[in-house]
Amino acid sequence: MTAIMNFTFDHFELDTTSYQLRSNGEPQAIEPQVFNLLAYLLQHRERIVSKSELMDTLWAGKIISESTLSSCVKAARKAIGDGGKTQKYIATVNRRGFRFISPVREQAAVKNSTMLPDSSDQQGGVNELLRQSALAGSEENGNVCLFPIRNLAPDKRIVIAVLPFQCLGADLVSFFAETLYEEINIHLARTPGFLVTSRNSGAYYRANPASQSNIARELGAQYIVDGSVASLGDRLTLSVKLLETESDRVLWGVRKNFPLESLGEQLEDIILNITSAIEPEINRVELACLRKRRQVDLAAWELYRQGHAVLGLKGWSEESFEECADLLRHAIAKDPELAFAHAYLALTLAIGHLVGLVNHDGWHEEALAAAEKAIALDSQDPDVLGYVGCAFSDMGDFFRGIKLLERCVELDPSNAQGWAALGAAQLQTGNEEGFKNMYHGIRISPRDNRIGAWGALLARGLLSYGRVDEAIEVAQNACAFDDKIFLPRVVLGVALAQADQPEAAARAFEDARRIRPKLTISDIQRFVKPEEMQKMQDYALLS
1 MTAIMNFTFD HFELDTTSYQ LRSNGEPQAI EPQVFNLLAY LLQHRERIVS KSELMDTLWA
61 GKIISESTLS SCVKAARKAI GDGGKTQKYI ATVNRRGFRF ISPVREQAAV KNSTMLPDSS
121 DQQGGVNELL RQSALAGSEE NGNVCLFPIR NLAPDKRIVI AVLPFQCLGA DLVSFFAETL
181 YEEINIHLAR TPGFLVTSRN SGAYYRANPA SQSNIARELG AQYIVDGSVA SLGDRLTLSV
241 KLLETESDRV LWGVRKNFPL ESLGEQLEDI ILNITSAIEP EINRVELACL RKRRQVDLAA
301 WELYRQGHAV LGLKGWSEES FEECADLLRH AIAKDPELAF AHAYLALTLA IGHLVGLVNH
361 DGWHEEALAA AEKAIALDSQ DPDVLGYVGC AFSDMGDFFR GIKLLERCVE LDPSNAQGWA
421 ALGAAQLQTG NEEGFKNMYH GIRISPRDNR IGAWGALLAR GLLSYGRVDE AIEVAQNACA
481 FDDKIFLPRV VLGVALAQAD QPEAAARAFE DARRIRPKLT ISDIQRFVKP EEMQKMQDYA
541 LLS
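In full-length UniProt numbering, the protein residues as written are 1 to 543.
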């Protein structure tokens with residue numbers, strides 16, 4: 001026989017034998033994962049339970065966002081008559097997690113041994129019940145792995161294993177290494193298409209050392225993020241690298257030194273710089289692999305990923321935008337429920353028309369339909385919100401676009417595209433807060449292949465507000481970042497003309513025509529305000 005615990009508080013009873021929540025003896029409707037959450041908080045009520053612990057423990061084999069966990073906590077509170085304001089039973093401890101705070105009475109319950117392994121340990125019985133329930137419910141409830149993954153069923157997503165950072169130093173360094181490891185896990189798990197193994201998997205290999213090839217094989221990981229943290233006097237040295245497991249190649253690496261005293265101030269920037277560098281590197285490798293395969297073998301997700309990478313790799317032209325849109329249409333044909341493909345198609349068509357590269361009949365209707373479909377399929381994913389919000393703004397619906405973009409960065413503060421698009425839309429509506437948001441988006445993702453475009457839009461905004469010298473500097477940096485996009489060169493030419501530098505402006509337009517030989521006067525005029533037209537004409541830059 002196995003002894004496990006039932007929990008009673010006020011007029012509620014959580015019965016872990018019959019899997020029921022009762023109020024005054026009457027069974028209450030409660031979802032399985034909400035029951036699991038409530039049972040776990042009751043079992044560990046003597047301490048604060050972190051968000052990462054809840055996600056790692058209760059969502060087996062899946063990746064979830066913090067918004068999913070928040071929804072589950074909200075449902076648990078509702079089931080027991082609690083709320084986020086009252087917090088009579090489940091308290092939120094700011095930036096740390098949750099704790100069950102009401103007095104609880106425990107009562108041993110008996111469960112037949114055919115249903116649970118025999119054990120005399122009461123807490124272990126509850127743990128086992130939670131483990132079995134989490135494993136049984138993982139298919140429909142989340143995405144975080146509970147135990148080291150072996151022999152995973154086929155999954156179209158890219159699997160990344162983030163290993164615990166080696167730590168050489170004092171307690172502060174150890175804390176930094178653990179925090180960095182946890183935050184990189186969380187940030188990468190938010191990226192569509194990435195299946196990130198859980199912190200528990202990393203902890204397993206910290207306790208049971210293995211070669212990286214063995215780790216990759218056991219976890220089914222195509223990529224591994226590894227690193228170390230060491231203190232040298234009053235400075236800290238951080239090393240991080242991204243490895244492709246099949247070829248054992250180091251795709252990317254960074255080594256940084258900074259003062260220990262500024263550790264807290266720089267932590268967020270360090271995390272964002274690392275995670276924003278990883279996705280572009282993986283995209284490059286994945287696209288190269290996809291090109292080697294026949295098109296008929298590509299699944300919807302792979303088509304989406306390939307379409308997503310086209311503009312960054314091939315530059316901006318009618319041909320690249322059409323190729324991108326066609327890949328996304330094929331992805332949608334294979335999987336009409338793929339919200340990311342609908343969202344990115346809407347963005348591609350909208351921004352393509354804005355810059356004069358998408359002009360076919362029906363583009364607006366197609367973009368609008370794709371945007372609406374994406375939101376209908378998934379209105380809570382930050383990337384979907386970011387793409388669709390940008391699309392609406394580019395089509396002139398700034399009210400709706402800005403609302404979606406604000407929601408995007410609220411859900412995922414590390415979403416650089418969301419910040420950049422929000423800033424651009426705000427500037428279009430006369431809100432100078434947009435400058436700060438655009439600069440922030442560029443700062444947190446300095447290797448993003450979209451920075452050339454973002455820089456062009458930022459420079460155009462600066463020019464509109466009379467900040468000509470700053471606009472020139474930003475446009476020049478955008479040109480230097482990306483040699484395949486004409487947009488920042490056109491904006492640079494306009495800015496130089498306003499600064500009474502006609503020869504430099506002419507060179508900028510000439511460089512734009514190098515990239516886009518059929519650049520027309522009307523293409524340039526898209527980026528010229530009426531009050532700027534006089535100098536463009538005086539210097540014969542539109543002839």
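Think of the CB as a built atom: it goes at the ideal place given N, C-alpha and C, for glycine as much as any other residue.
| Check | Outcome |
| --- | --- |
| For Gln537, name the three-state secondary structure that DSSP assigns. | helix |
| In whole angstroms, what separates the C-alpha of Val355 from that of Glu410? | 28 Å |
| Can you confirm whether the stretch 419-430 touches the stretch 234-254 when touching is taken to mean that 3 or more C-beta pairs between the two stretches lie within less than 8 Å? | no |
| Does Leu58 come out as helix, strand or coil in the three-state DSSP assignment? | helix |
| Of the choices Pro517, Asp500, Ile515, Arg514, whose alpha-carbon is the least far from that of Leu541? | Asp500 |
| What's the C-alpha gap between Leu327 and Tyr304? | 7 Å |
| What's the gap between the Cα of Leu195 and the Cα of Leu272? | 18 Å |
| In terms of alpha-carbon separation, which member of Phe176, Arg443, Val173, Leu163 lies closest to Asn185? | Leu163 |
| Nearest to Phe398 by alpha carbon, out of Gly434, Asp383, Asp378? | Gly434 |
| If you run the structure through DSSP and keep just helix, strand and coil, what is Ser228? | strand |
| May I ask which residues mark the beginning and end of the alpha helix (DSSP H) holding Leu354? | 339-354 |
| Going along the chain, which unbroken runs of the beta strand (DSSP E) with 3 or more residues stay wholly within the stretch 421-472? | none |
| For Gly401, count neighbouring Cβ atoms within 10 angstroms of its own Cβ and tell me buried if that reaches 16, exposed if not. | buried |
| Out of curiosity, what's the CA-to-CA distance linking Met536 and Val494? | 7 Å |
| To the nearest angstrom, how far is the alpha carbon of Val73 from that of Phe175? | 27 Å |
| How many Å lie between Ser213 and Leu243 at the Cα? | 11 Å |
| Tell me whether Gly13 sits in a helix, a strand or coil according to DSSP, three-state version. | Before going on, a small fix: residue 13 reads as Glu here, not Gly. Strand, per DSSP. |
| Give the range of the beta strand (DSSP E) segment to which Leu236 is assigned. | 235-244 |
| Does the Cβ of Glu13 have 16 or more other Cβ atoms within 10 Å, making it buried, or fewer, making it exposed? | buried |
| Given 8 Å as the limit, is there contact between the stretch 332-349 and the stretch 367-383, that is, 3 or more CB pairs closer than that? | yes |
| From the DSSP output, in three-state form, read off Ser23 for me. | strand |
| Do the CB positions of Val229 and Thr197 come within less than 8 Å of each other? | no |
| Answer yes or no: do Ile515 and Gly312 have a C-beta to C-beta separation smaller than 8 Å? | no |
| Which partner residues of Asn214 appear in the DSSP bridge assignment? | Partner(s): none; Asn214 has no beta bridge. |
| Going by DSSP, name the residue or residues bridged to Lys314. | According to DSSP, which records beta bridges pairwise, Lys314 is partnered with nothing at all. |
| Thinking C-alpha only, which one of Arg22, Pro280, Ile442, Ile351 is nearest Phe458? | Going by the sequence as given, residue 458 is Leu instead of Phe. Of the listed residues, the one whose Cα sits closest to Leu458 is Ile442. |
| Give me the Cα-Cα distance between Gly307 and Tyr40, rounded to the nearest whole angstrom. | 43 Å |
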